[in-house]
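Chains as they are written, first to last, in this note's numbering: chain A, 12 to 354; chain B, 5 to 187. One structure below.
Structure (structure tokens):
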């Protein structure tokens with residue numbers, strides 16, 4: 012392992028980290044803008060052009076706020092909660108292929124922090140650790156509303172992880188790989204997985220909403236019943252970390268959706284571009300295409316938030332255990348039959 | 005044919021509610037969700053209802069009662085004689101004043117031989133009902149058509165408007181007099 016490789020990877024990781032943070036930051040702005048537009052308002056428009064400096068102002072406000080800690084025995088856990096939520100939200104971006112490759116200074120730079128062959132499993136592992144951030148924070152707050160939010164989040168995650176995993180199994184059966192790079196390479200042109208796995212995509216999409224704690228599945232922090240849910244007792248930047256982690260999660264899950272089902276960085280005519288214009292140009296467009304797909308999904312998240320009201324807890328469990336899990340098992344069986352019949 | 009009272013719908017929007025079992029497709033909710041998404045996205049492109057306040061102002065009614073003004077007559081003299089009827093009529097107890105006798109040589113400032121040396125309206129209490137205007141026998145206090153609202157301030161004391169903010173500017177009185185003479 013030469014030093015140039017280490018430098019290349021460190022620079023790449025820093026860039027990915029920065030992009031994730033900026034995307035999370037501007038997701039808060041976009042959330043407020045989209046919410047406003049869907050409700051016939053204009054949203055934040057005073058700080059900077061179109062309110063573009065609003066996230067900075069919000070961040071500054073959060074930093075300047077008083078740090079309040081409840082009188083709890085678990086000071087350490089209270090501190091660890093937001094940190095776990097944030098770090099798990101950021102860790103998933105390590106295995107995502109942002110593009111195919113770039114050629115800089117005669118080196119071939121692979122646009123992926125690390126290409127492990129079980130990257131799908133890695134993502135599932137990290138995402139399920141993410142609930143510990145909420146769980147620990149809610150437990151350490153020493154507040155019944157926080158605990159209730161945390162318990163809801165945990166049970167929700169457990170139920171929807173099953174359906175999510177099962178919907179992915181159908182995809183893995185079809186693609187025959189757990190590596191996200193392979194999955195991306197198989198979807199060249201318009202050969203997207205969503206056309207072969209529409210039901211699997213739908214299940215995965217619904218589960219992604221549940222995993223990121225977004226409406227209609229935001230029972231963990233439903234304001235009308237639980238004050239703020241697991242972050243009721245949090246203030247200042249610890250609260251900011253939780254909110255930030257939610258948006259980072261949203262970004263990452265949009266990315267996973269785009270990579271798994273919507274062709275990742277592929278676009279029609281990418282081959283032609285590589286041969287005739289050059290590798291770098293083709294791949295930079297590819298990165299742009301991936302980000303357009305990601306932004307479309309983030310918009311979809313927000314759009315759904317202002318359309319569908321929150322599920323009741325028993326409805327949530329019914330949907331997860333009685334509809335999505337049987338549906339995903341049927342999907343696996345049908346996929347298996349199709350593979351036998353057509354390949 | 006005479007319609008029964010149950011079937012009459014004057015607005016044309018009457019809808020019979022039913023508790024029938026949902027079909028399989030209805031229970032999936034997906035169609036309903038897509039319909040809902042269509043409705044919300046329509047609002048995304050709709051004209052916004054927001055009025056950008058300091059730059060834009062709402063269209064006011066012609067009988068709008070705006071901020072108060074203490075009037076001057078054509079010669080620029082204050083009309084108010086500090087009779088206190090406005091303060092008495094005020095349902096919000098917003099007005100207070102202190103009377104003073106006019107000194108010789110002040111005839112160009114005050115119309116009557118008594119005037120208000122202090123005249124204060126508490127804008128936090130005022131409900132802009134216009135009863136002071138109705139009570140005034142000297143045509144001194146008026147609620148104007150001004151679209152300028154009372155601005156937000158940090159101190160309660162700042163909302164007590166004194167004569168400096170209430171009395172009609174002298175130039176305005178002169179201009180009014182000129183207009184009247186021209187007519």
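Don't be surprised by glycine CBs; every beta carbon is placed ideally from N, CA and C.
| Check | Outcome |
| --- | --- |
| Own chain partners of residue 269 of chain A with C-beta closer than 7 angstroms, once the 5 adjacent residues on each side are dropped | 275, 301, 304, 305, 308 |
| Cβ of residue 135 of chain A within 7 angstroms of any chain B Cβ | no |
| Straight-line gap, residue 140 of chain B to residue 83 of chain B (C-alpha atoms, nearest Å) | 10 angstroms |
| Buried/exposed call for residue 194 of chain A, threshold 16 Cβ in 10 Å | buried |
| Touch test, the segment 98-118 of chain A against the segment 17-31 of chain A, Cβ-Cβ under 8 angstroms, three pairs minimum | yes |
| Alpha carbon of residue 38 of chain B to alpha carbon of residue 209 of chain A, nearest angstrom | 16 angstroms |
| Integer-rounded CB distance, given that residue 131 of chain A should sit under 8 angstroms from residue 189 of chain A | 4 angstroms |
| Cβ-Cβ separation, residue 51 of chain A to residue 53 of chain B (assumed contact under 8 angstroms), whole Å | 5 angstroms |
| 3 or more residues per run - each beta strand (DSSP E) lying fully within the segment 88-118 of chain A | 112-115 |
| Residues from the segment 297-323 of chain A in contact with chain B, defined by Cβ distance under 8 angstroms | 314, 315, 317, 318, 319 |
| CA nearest to the CA of residue 18 of chain A, picked from A:204, A:320, A:124 | A:124 |
| CB contact below 7 angstroms: residue 48 of chain B versus chain A | yes |
| Residue 225 of chain A (DSSP reduced to helix, strand or coil) | coil |
| CB contact check: residue 16 of chain B to chain A, cutoff 7 angstroms | no |
| Distance CB(residue 89 of chain B)-CB(residue 145 of chain B) smaller than 7 angstroms | no |
| Residue 44 of chain B at chain A interface by Cβ criterion, 7 angstroms | yes |
| Cβ shell of residue 291 of chain A (< 7 angstroms), same chain only, five flanking positions each side left out | 113, 114 |
| Residue 135 of chain B versus residue 121 of chain B - alpha carbon distance | 22 angstroms |
| Element boundaries [beta strand (DSSP E), containing residue 72 of chain B] | 72-74 |
| Inter-stretch contact at 8 angstroms, needing at least 3 Cβ pairs: the segment 162-171 of chain A / the segment 196-210 of chain A | no |
| Buried/exposed call for residue 258 of chain A, threshold 16 Cβ in 10 Å | buried |
| First and last residue of the uninterrupted beta strand (DSSP E) at residue 99 of chain B | 99-105 |
| Chain B residues whose Cβ lies nearer than 7 angstroms to that of residue 51 of chain A | 47, 50, 52, 53 |
| Alpha helix (DSSP H) runs wholly inside the segment 101-182 of chain B, at least 4 long, in chain order | 135-139, 167-170 |
| Through-space distance from residue 178 of chain B to residue 184 of chain B, alpha-carbon basis | 10 angstroms |
| Beta-ladder partner(s) of residue 82 of chain B, from DSSP | B:76, B:114 |
| Beta-carbon neighbours of residue 40 of chain B, restricted to chain A and to distances below 8 angstroms | 318, 319 |
| Residues near residue 191 of chain A by beta carbon distance below 7 angstroms, same chain, minus five either side | 106, 107, 108, 130, 131, 270 |
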